[in-house]
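Line order of the protein sequences matches chains A and B.
Residues 1 to 384, numbered by full-length UniProt numbering, are exactly what the first sequence covers, in order.
Residues 1 to 388, numbered by full-length UniProt numbering, are exactly what the second sequence covers, in order.
For each residue, glycine too, the CB sits at the ideal point set by N, CA and C.
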Amino acid sequence: MVTLDLKDLAKYPFLKESQTYIGAISSSLEHYLESTGGRVAIREAMLMLEHALSFSGKETPSIPEIPPEKEAVMTIIATYPVSRIMVSCAQDRMLIERLVRYQAWVVFAFLQDEEPEIKRFIRRSIGLPETGMDISVIDYIPVASRMAEERWRLVNRVVEKGKVRIRPEEYDEIVRERLRYIMSRNLPLKVPSRICDQVKPAIERIKAEWQKKVLEEFGQVEESAFPPCMQAILGALTGHGHLTHMARFAVTAFLHNIGMDNTRIIELYGSVPNFDLRKTLYQVEHISGRGGTSNEYISPLCATMRTHGICVHPDSICSRVTHPLSYYKLKKRDLNKQKYQKQVKDPDESMKKRVESEGDQSDTNTPDCIPSSTDNKYKDEKST
Amino acid sequence: MKPATRMFIKQRFTDYYQKKRISPPASVKEREFGFIFFDENYPDDIRMRRHIGFSSNDDLQEYVKSLVPAHAYYSTAYYRTPQAPTMADKDWLGADLIFDLDADHIVRGSFEEMLKRIKAETEKLLEVLENELGIDMRTVKLVFSGGRGYHIHIQELGFRDFGSAERREIVDYLCGNGISPSVLLDEWGASRSGWHERYRNILTGYLEDLSKKSAKDIKSELSSLRGVGQVTADRFSGMIPDLLPLLRTSPSSILLRDQTVKTILNALVTEKESPLLPLIKEASIQVDEPVTTDTRRLIRLPGSLHAKSGFKVVSLDLKELPDFDPLIDAVAFGEREVPVEAHKEYSFSLLGSQYDITKGKTKVPEAVAVYLCARGMAEIGGEPGSAS
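Below, the structure written as structure tokens:
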């Protein structure tokens, strides 16, 4: 039997043990949020969300220090549920994803230098075998369905009698993703509105921060960075082709997510045969969260696009992403890099280069896009 | 459909529901139900009445018995408030894992042939579910859909809270979507089953056939794939004699990072016009993908009748499948003679007899009459009184 001290509870606030402990400090959540401790926890949760928003998800975040004072440790434990309440009140799926990703990575970072006994305990508590390399199909799928690389697809795994084989070097990633899955499982929480009111000012600030972040991340709409699937749908749209409901939904949500305003989206639909302005307006506003629904839609995952037969002509960037939005971000970054490189070069030199590169566009585009191999990519990720 | 024909089918259905109880799904109180009735405009304008909940199995039986639906469905999902009028208010608690095998998506031919083919596909699915995915077969319910296929309901708790993305992972596995040639070949081992072995066999077979063609034909076949140039196609064609023995004995020693190999193998599994895709499809299990990934689907209620075929939706034990013949075992009606008027000539088998129906007025057993009328092949004919 493992004994967890207060510090362990702070490191692993998602554990049942931590939640039971923190649940006992106040008679009700409402009272707690009004107390001094509660106000500190709200402030800490905001800080955590800020970290989460600027976290790239590529390298291990720095581990927060756990102070020796009991009060402070309790605040750290409380920050976990408070931050979850806040994103649940904000009703923004992307904000939830960001928070959970960050929290999972922090736990993962703590686990790196953890006692073997506690490591085993954590693994068990998130439903992974303590040791051994095979995990059941039922435990594997929720984890793998969120991972991008094709080696994680169930279809590409050794699956025998309900067990999925995991290689030793893949174990860390499985633990991290499993954490993310466990943490995001119940989100958004159903929070009574009077509690949401209590954290409202903090949420407003976070939302404003998030808006800014979206602008920075996606910037101006750059059509040449659209993934092949969206280009195909747009092609059909402007070429008066017939579109399925799913295709319309996918492209509308995508354009909305990258910051295109509704008027422009509706203009695009204007070229469709039997265009019905009122219906289109309703659909576009509904999908973008302005038609009376509080939740915005996120454009479908690559896997969903595949299922509906609208994932077409996937290219090398597609194999690195699970979401059309990630494709857009990557491609846009690559395009910007190329533009920037062209600008800084000696003008004569760049003239010559351009003549050369126009002949074989694909070569100038690819170096950033094609991982040298799956194995190398994995090593790169681990070492950076 | 003439009103008299609609009335005839409804009367036969009424009679059936008076005598038979339908098999309620597990957790009746948490399921949403939906029904299509023999309204005035049925079957031209079909409306489903859904968002219906029952507090007990008896209520459900009573409802079906008194209202006699043409089609009856229930949700694969469990809800806290299944009768709530919007999806958001129902409060989703989870859903069974469902596979829909429909012959319409796989094969064309006579009804009999289609049923035979889909049964084989169902047997294939059950085998993969047990041997590869390790599903506890005691949690598997098999249902003949009353149409052209089978539904598999898996009630294993572990899958219940899976969302669409998770369910899609399973469908992709069954359908062979998203195959990575390099991963599968690289990790191939002598004792591998599943897709490692299936893909290796498919690729070997394809390359064997390809190698029998002329260099020119190989080049044009490969370069017709999007993203494959003449040079790459030509280079790959020269590699085939070396690749084949490696594929047969040790696929992992193939140089999978070689750009030519990589380009061709990837194009063969991703490009729509690839000649490899039909082979993968054949080795896969052709379940209807959106049905499995939809966590709020309504599905036919076992024990109810299907008004487009007149057949029963039959719950089956897994061991009953080999001997199950829908054209006998799903027939709900008897042999009393009924006059019908067929639209044209039809030939089919039902209840173990062969029927060659001629165009125009004829007398057939009641079961055949329901089948013909439900499928829109005939109208009820002769003296109206004889149908009741």
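Item, Value
"N- and C-terminal bounds of the alpha helix (DSSP H) containing Ser164/B", "164-175"
"Limits of the alpha helix (DSSP H) - the one that Asp89/B falls within", "87-90"
"For Thr79/A, the three-state DSSP class (helix, strand or coil)", "helix"
"Chain B within 8 Å of Val159/A, Cβ atoms only", "yes"
"Boundaries (first-last residue) of the beta strand (DSSP E) holding Ala342/B", "337-342"
"Straight-line Cα distance separating Leu321/B from Thr122/B", "9 Å"
"Residues of the region 118-138 of chain B whose Cβ lies closer than 9 Å to any Cβ of chain A, in chain order", "Glu130, Asn131, Glu132, Leu133, Gly134, Ile135, Asp136"
"Cβ-based burial, Val100/A [other Cβ within 10 Å; buried from 16]", "buried"
"Whole-angstrom distance between Ser66/B and Phe38/B, CA atom to CA atom", "13 Å"
"Ser23/B beta carbon less than 8 Å from that of Pro302/B", "yes"
"Cβ of Pro314/A within 8 Å of any chain B Cβ", "yes"
"Closer than 8 Å at the beta carbon, the chain A residues around His196/B", "Val158"
"C-beta neighbour in chain B for Ile141/A, strict 8 Å", "yes"
"Any C-beta of chain B under 8 Å from that of Asp380/A", "Summary for Asp380/A: the model assigns pLDDT 29, below 50, so the residue's position carries little reliability, and this model does not support an answer."
"Residue range of the unbroken alpha helix (DSSP H) whose run includes Leu255/A", "245-257"
"Alpha-carbon spacing of Tyr199/B relative to Val107/A, whole angstroms", "39 Å"
"Pro201/A versus Lys281/B - alpha carbon distance", "55 Å"
"Ile254/B vs Leu222/B beta-carbon contact at 8 Å", "no"
"Heavy atom of the ligand ZN within 7 Å of His313/A beta-carbon", "The ligand content of the structure shown is nil, which means the ligand ZN is not present either."
"Beta-carbon contacts of Trp105/A that lie in its chain and below 8 Å, excluding the five residues immediately before and after", "Phe55, Gly57, Thr60, Pro61, Arg176"
"7 Å CB neighbourhood of Arg84/A in its chain, flanking five on each side removed", "Leu187, Leu189"
"Pairwise C-alpha distance: Val340/B and Arg306/A", "47 Å"
"Cβ-based contacts, 7 Å cut-off: residues of the region 232-264 of chain A near chain B", "none"
"Alpha carbon of Asp317/B to alpha carbon of Leu142/B, nearest angstrom", "7 Å"
"For Asp5/A, the three-state DSSP class (helix, strand or coil)", "coil"
"Beta-carbon separation (whole angstroms), Met133/A vs Arg165/A, contact threshold 8 Å", "7 Å"
"Same chain only: Cβ atoms within 6 Å of Asn57/B, ignoring 5 sequence neighbours per side", "Pro24, Val28"
"C-alpha distance - Ile25/A paired with Gln198/A, whole-angstrom precision", "19 Å"
"Enclosing alpha helix (DSSP H) for Tyr206/B [first to last residue]", "194-211"
"Buried versus exposed, by CB contacts within 10 Å (16 or more), Leu157/B", "exposed"
"Neighbourhood of Lys319/B by C-beta distance below 8 Å, restricted to the same chain and skipping five residues each side", "none"
"Closer than 8 Å to chain B by CB, Leu179/A", "no"
"Chain A contact for Phe99/B (CB, 8 Å cutoff)", "no"
"Neighbourhood of His71/B by C-beta distance below 6 Å, restricted to the same chain and skipping five residues each side", "Ile36, Ala307"
"Proximity winner among Gly352/B, Val370/B, Met87/B, Asp325/B, relative to Val338/B (alpha-carbon distances)", "Val370/B"
"Opening and closing residue of the beta strand (DSSP E) in which residue 389/B lies", "It is not possible to answer for residue 389/B, since the shown part of chain B is limited to 1 through 388."
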